[in-house]
Structure formats: C-alpha cells, structure tokens
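Chains A and B are the protein sequences, given in the same order.
Our numbering puts the first sequence at residues 1 to 299.
Our numbering puts the second sequence at residues 300 to 598.
Glycine included, each C-beta is placed from N, C-alpha and C at the ideal position.
All figures in this text were calculated on a predicted structure; none of them were measured in a lab.
Protein chains: 2
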Amino acid sequence: MKSLSDCSVTVIGLGLMGASLCMDLKRRNLCREVRGVTRSISTILRSFEEEAVDLATTDLGSGVAGADIVILSTPVRAVVTILERLGPILWPGTVVMDMGSTKAEICAAMEGLPPRIQPIGGHPMTGKETAGYASAESGLYEQAPWVLSPLARTRPETVALATELVKAIGAYPIVLEPVRHDRLVAAISHLPYLLASALVHTVADGAASDSTVWELAAGGFRDTSRVAASDTQMFLDILMTNREAVLTQLDALGGHLNELRGLLADCDEESLSEKLSCSQALRSAWQQNKALPAAQVGD
Amino acid sequence: MKSLSDCSVTVIGLGLMGASLCMDLKRRNLCREVRGVTRSISTILRSFEEEAVDLATTDLGSGVAGADIVILSTPVRAVVTILERLGPILWPGTVVMDMGSTKAEICAAMEGLPPRIQPIGGHPMTGKETAGYASAESGLYEQAPWVLSPLARTRPETVALATELVKAIGAYPIVLEPVRHDRLVAAISHLPYLLASALVHTVADGAASDSTVWELAAGGFRDTSRVAASDTQMFLDILMTNREAVLTQLDALGGHLNELRGLLADCDEESLSEKLSCSQALRSAWQQNKALPAAQVGD
C-alpha cells in the first residue's frame, strides 16, 4: 500500500486552504513532491519563493501529470467543473480528493470520473474570513475536524491514504456521507454566515442615520459578524449547492428568533430567562468539550 | 479640581467588569485608594490577596463611606436598586458612575440622587462571555470605547474626572445621550446576543437527531455563537431595560434575513451575490478601521 511519503501531491487552487495545505506538506516534508496549480502568475512565484511548493504552474495538465494524489481546493462549483476536465488526463490509480464546503454535488461529480480513478470527498472544518494565498499559513489544520466522504467505489487503501494525509497535518478525520455532511454544515457554517450578513446589513441601516454605531461596535459585533467578511464567491457556491438544507435551517432559526421576540415583547421574563439559560448552558458545554484534546473527540 | 490620584474609588460589584477595573486602578497606582463591595466572602479574600483592592467589604455603607468616586458595576437593574440605597449615605460631592450596558433607566434613576451628589452614566464597550471575578483581568479596557452619559446637572469637572479615569485605564471616552446610546447598542450588542442564542437553539435542534453536529462545529459557529454563553441575568436586565430598541432591531434583522432567504429560495444568484458582497465590504471596512490606533477613532 502506498504511503504519503511516496506520493507526489498536486493541489489545485492556491488560496487560503490550498496554499496552507501545501505549506504543511512541503515544510514538514510529508510527501515526495508538492505541486500547486493556480491561475495567478504572482502566486506561482510567491509559493515557489516561500517554499510552499516544489513546483507551481497555471497548466492543469502538467500540474497533475504523474501525481499520486490530486486535491481540489477551489470554490465548490469550480471543483465540479475541474473534475470534468480531470477525468481524461489523470493517471490510473490517482487519488482525487477535494476540500469543498459542500459534499453532495462534488461527490456526485466524482462518480463521473473514469473507473481507474480513486475519488474521495473531503472538507476541513477550519478557515478564516480572509481569502487568498496571502492569508495562508502553516498549521491552519491543527486540531481541526476534517470530514472524509468516501464513495461506494472508494477502496479502503484510498481512505487510509486520505486519513494518513489528514492526520499528518494535525487534523482529525470524521467519515460522513455527503448528504449528512451538507445537512450538518448548513446549521453550523452556512447559517452563521447568513446571520452575520443580515447583522451587518442591520447595523449599516442604523449607521445611515447615526454612524457612531460603527465606532461603538466591539467584541460582540466583531465575533458575531466575523464570517460576513468571508469570500463572497466561495459562499455563493456553498449556498447554491446546499439550498434546501440552508433554507430548512433558516426557517428553524427564524422560529427561535420569533419566539425570543415574542417573549421579550410580552415581558415574559421567566420564559425568556429559561430560553436564554438553555442556550447559555449548551454553548458553554460545547466550548468546554472543544477544549478536550482532539483525540478524545474525533479519533 | 480633584484629580484621580487624590481620589478614593469604590467599585460596587466585583464581577468581570468591576474587578478588572479595580485591578487596573490598584496595580497601576492610579488613585489614592481602591475599595470593592461584593456579596461574596471568597471574592473579598481573593481580591485582597491578589492586590486588586486596598479594602473589600460586603457592607455597602462602610464600602462607600468617604469615597470620592463610587462606580456601580452590577447588572443594570441592580444598579437602579443600589442607586436608591446610595442616595442618603453618600458624602456631599461624591461622583457616582456606573458601568451598566443600558443607560436610559440608570440615568433616570441617577436623577433621583440628592442634589449634592454628582452622577454620570457610563458603559465600557468591552467584555467577555465569561462572568465573575475569576474572569477579571488587568488591561481589559485597553483600546475600548467607554461611553459617558452626563446628566443635565453633571458638572464639567465631573465629566473631566470620569474622562481622566477612563483614559487612565487605556479606554477612550465617547459622550452619548442615554437614549441614543441604548438605540446604538441594541444593534451592535443586544441583537448579536439574541442571534447567538437563536443559533445555538437551532444547532441543538439538529443535534437532537444527529449529535455529530457539535463535533463538526468550528470557528464560524464558535464566533457567531460566542456571546450566547454570556451571563443570563446580566443580559436579561439589558433586554428588559431596552425592550423597544431591541424589538426594532430584531425586526430590521428579520427583514434582511427574509430577503436573503427569498433570494436563495428563488435562485436569484445575482441579487444574492450583490447583497452578500455589500455586507462583505462593510464588515471588512469596519475591521480595517478598528485596526487604526484608538486616538484616530475615538479621541
């Protein structure tokens, strides 16, 4: 069975996630070769200078030629498009992973790869609100959950190789079926993004008549709105490929928000206190649990 | 005119905010004496041992006897109650400040203080989701906006002394009329809290059928939901003393959330992209502006 250290790994897309992955693979000497594929000439130069890659190119064909593992790290719908182009040009046995934030459409597209290719979906649950190569950093994946979504045809040794890679950069794997993954991340990632956007718009409305609101805004606003600064194209792809699950979560949240509003409007302090204490306890328990070593949580 | 270094300062309430203030005043040697009033015997011992105060007591009367400045640092409705008790026992000329998160009710209660007392409302715009003395720390107020709300009767030298105190611990003062303050913080503080609570409830609903959702939850959920872990009693007081403004903000947010939902449901990708790009730009601009030195923003 092939181990990671024998592999030539090609990462397609050198934004925040892809470039951070390259840096870990290259600087920790985890595989035989690290290649990057990007549309940007300046990113090619910079990634090479900073020893994030052994080789970088704008040409998809030469980037993936001879690669043992190809990892797609672009917005979700670009992953789907690139998968179509990859099919005919990959060597037999190549493992194709991705890092996209929704899994159902990508894993469906992976089904279309030729039978000689070994696909497996993936999604590291970490990131930042800033995008692009300039935001990339070594160690981004330390302690992060990394979802793996094998297809029916994915061989055990492919799952093992993907698992080895995930663990080598400090993340921990969680195997999830694509539709289940998409339903869960709708709640904990896509919903917070829309909430943050709505919050920013609401504050901006107030700022139209009193701009001091921006000056007062402190930690509460900063954290609750942080993800609104995320790359719009990335999130547009996410939302459009996970519409139903996101709409369901939006409606569930709307129900809770309406309930809170009603209790406050009615001055029903006892019920309001109960509902707020409940979320207080849940959020505190989650935080405490997150502080446990990753091995206890995910391994 | 009295300067801070001549003053004996009594802080009522040694939770996160009050104890952090004591630590700064005492350890930086900013005033003549620092006293703390708390209901907890263990907090008295701990604050004294850790040199957060010169003297601590459970007795309000002896705590404020002879104080030049009395600062109330309890939940909002406790501030209102304590103000009623303080009136008869304060020395003439005592400056009474508070650190409550809403200002209209507190400043109205301050109007009821005897004419010989010098009241001024205050609200430092910082904090943490953890409460109590154990969470207190020196330097909490560095770079934080600190709202001051003088009453009509507040003398210029009282505003000057409050300003001196705020600046001495590294915060920067912003003078705001109470109702205006409450309207602004409804948007940037009280609304995010309710959003965070609703988000936690929504994720918990999902967790009822698939608890893996807690395990996947990463930075986006962590930050967007952080303030839901805040002290419930503190926020209950805030919400109940700022109901109208909070309800207005909830409705404004509901409008934006509905609009986002509609665009996603209709697959109106162009308008969705426009709305998300707008909040992206606003949030990024705010962050960049916050990174400027405080003097450029608030001084």
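| message | Quick test of the definition: if touching needs 3 or more C-beta pairs under 8 Å, does the region 457-466 of chain B touch the region 176-192 of chain A? | response | The region 457-466 of chain B makes no contact with the region 176-192 of chain A; the number of CB pairs closer than 8 Å stays below 3.
| task | Determine the extent of the beta strand (DSSP E) in which V526 of chain B is found, giving its start and end residues. | result | Element bounds for V526 of chain B: n/a, residue is neither H nor E.
| request: For S448 of chain B, collect the residues of the same chain with a Cβ closer than 8 Å to its Cβ; drop the 5 residues on either side in sequence, then sort them by chain order. | output: K402, C406, I419, G420, G421, H422, V474, L475, E476, P477, H480
| query | Using 8 Å as the threshold, is the region 431-451 of chain B in touch with the region 372-384 of chain B, meaning 3 or more CB pairs across them? | reply | Judged by pairs of C-beta atoms under 8 Å, the region 431-451 of chain B does not touch the region 372-384 of chain B, as fewer than three such pairs exist.
| task | Please name the residues in the region 564-577 of chain B whose beta-carbon is closer than 8 Å to at least one beta-carbon of chain A, in chain order. | result | Going along the region 564-577 of chain B in chain order, one finds A564, C566, E568, L571, S572, K574, L575, S576, C577 with a Cβ nearer than 8 Å to chain A.
| field | Ordered list of alpha helix (DSSP H) runs contained in the region 35-119 of chain A, each at least 4 residues | value | 41-49, 60-64, 76-86, 104-111
| Which residues, in chain order, does the region 8-28 of chain A contribute to contact with chain B at a C-beta distance below 9 Å? | none
| beta strand (DSSP E) containing T241 of chain A: first to last residue? | Looking at the DSSP string, T241 of chain A is not in any beta strand (DSSP E), and its letter there is neither H nor E.
| request: Please name the residue or residues paired with T309 of chain B in a DSSP beta bridge. | output: B:R334, B:V369
| said: I want to verify the contact list: residues of chain A whose CB lies under 8 Å from the CB of A377 of chain B, in sequence order. | reply: Within chain A, no residue comes near A377 of chain B; the closest Cβ sits about 15 Å away, beyond 8 Å.
| task | With 8 Å as the threshold, decide whether the Cβ of S284 of chain A is near any Cβ in chain B. | result | yes
| request: Report the neighbours of Q548 of chain B on chain A: residues whose CB is nearer than 7 Å to its CB, in chain order. | output: T202
| Short Cβ contact (8 Å threshold) for D237 of chain A with A131 of chain A | no
| From I188 of chain A to A517 of chain B, what does the alpha carbon distance come to, in whole angstroms? | 8 Å
| said: When you compare the CB of E215 of chain A with every CB in chain B, is at least one pair closer than 8 Å? | reply: yes
| message | Taking the alpha-carbon of L549 of chain B as reference, which of A:Q249, A:A245, A:R243, A:E259 has the nearest alpha-carbon? | response | A:E259
| said: Strictly under 8 Å for the Cβ-Cβ distance: is V526 of chain B near chain A by that measure? | reply: yes
| said: Pull the bridge partners of W146 of chain A from the DSSP assignment, please. | reply: A:P124, A:P173
| Selected residue, minimal CA-CA separation from P374 of chain B, among B:L556, B:G312, B:C577, B:S346 | B:G312
| query | For the region 157-215 of chain A, which segments carrying the beta strand (DSSP E) assignment without a break, of at least 3 residues, lie completely within its bounds, in sequence order? | reply | Those beta strand (DSSP E) runs which fall completely within the region 157-215 of chain A and span 3+ residues are 172-175.
| request: For my contact list, M398 of chain B and M316 of chain B are in at a C-beta cut-off of 8 Å; report their separation, rounded to the angstrom. | output: 5 Å
| request: Please decide whether A294 of chain A counts as near chain B, where near means a Cβ-Cβ distance under 8 Å. | output: Note that A294 of chain A scores a pLDDT of 46, beneath 50, so its modelled location is shaky and nothing firm can be said.
| Under the three-state DSSP convention, the category A551 of chain B falls into | helix
| I think I368 of chain B touches L389 of chain B, with their Cβ atoms under 8 Å apart; what is that distance to the nearest whole Å? | Incorrect: roughly 11 Å between the Cβ atoms, too far for contact.
| said: Taking the alpha carbon of K301 of chain B as the reference point, which residue from B:C330, B:G314, B:K325 has its own alpha carbon closest? | reply: B:C330
| message | Between which residues of its own chain and E350 of chain B is the CB-CB distance below 7 Å, once the five residues before and five after are set aside? | response | K325, R326
| said: Please state whether the Cβ-Cβ distance between L538 of chain B and L490 of chain B is less than 8 Å. | reply: no
| request: Could you name the residues of the same chain whose beta carbon sits closer than 7 Å to that of R338 of chain B, not counting the 5 residues immediately before and after it, in chain order? | output: T357
| Out of curiosity, what's the CA-to-CA distance linking S361 of chain B and K589 of chain B? | 42 Å
| Rounded separation between R226 of chain A and G220 of chain A - CA only | Rounded to whole angstroms, R226 of chain A to G220 of chain A spans 10 Å at the Cα level.
| Name the chain A residues that come within less than 9 Å of Y492 of chain B, Cβ to Cβ? | Residues of chain A whose Cβ lies closer than 9 Å to the Cβ of Y492 of chain B are, in chain order, G220, T224, L276.
| query | Does the distance from the CB of A506 of chain B to the CB of V512 of chain B come in under 8 Å? | reply | yes
| field | For A265 of chain A, the three-state DSSP class (helix, strand or coil) | value | helix
| Between A551 of chain B and chain A, is there a C-beta pair that is closer than 8 Å? | Judged by the 8 Å Cβ criterion, A551 of chain B is in contact with chain A.
| query | Nearest CA to the CA of A433 of chain B: which residue from B:V378, B:A584, B:S341? | reply | Residue B:S341 is the option with its Cα nearest to A433 of chain B.
| request: Have a look at D54 of chain A and G139 of chain A and give me their C-alpha separation to the nearest angstrom. | output: 19 Å
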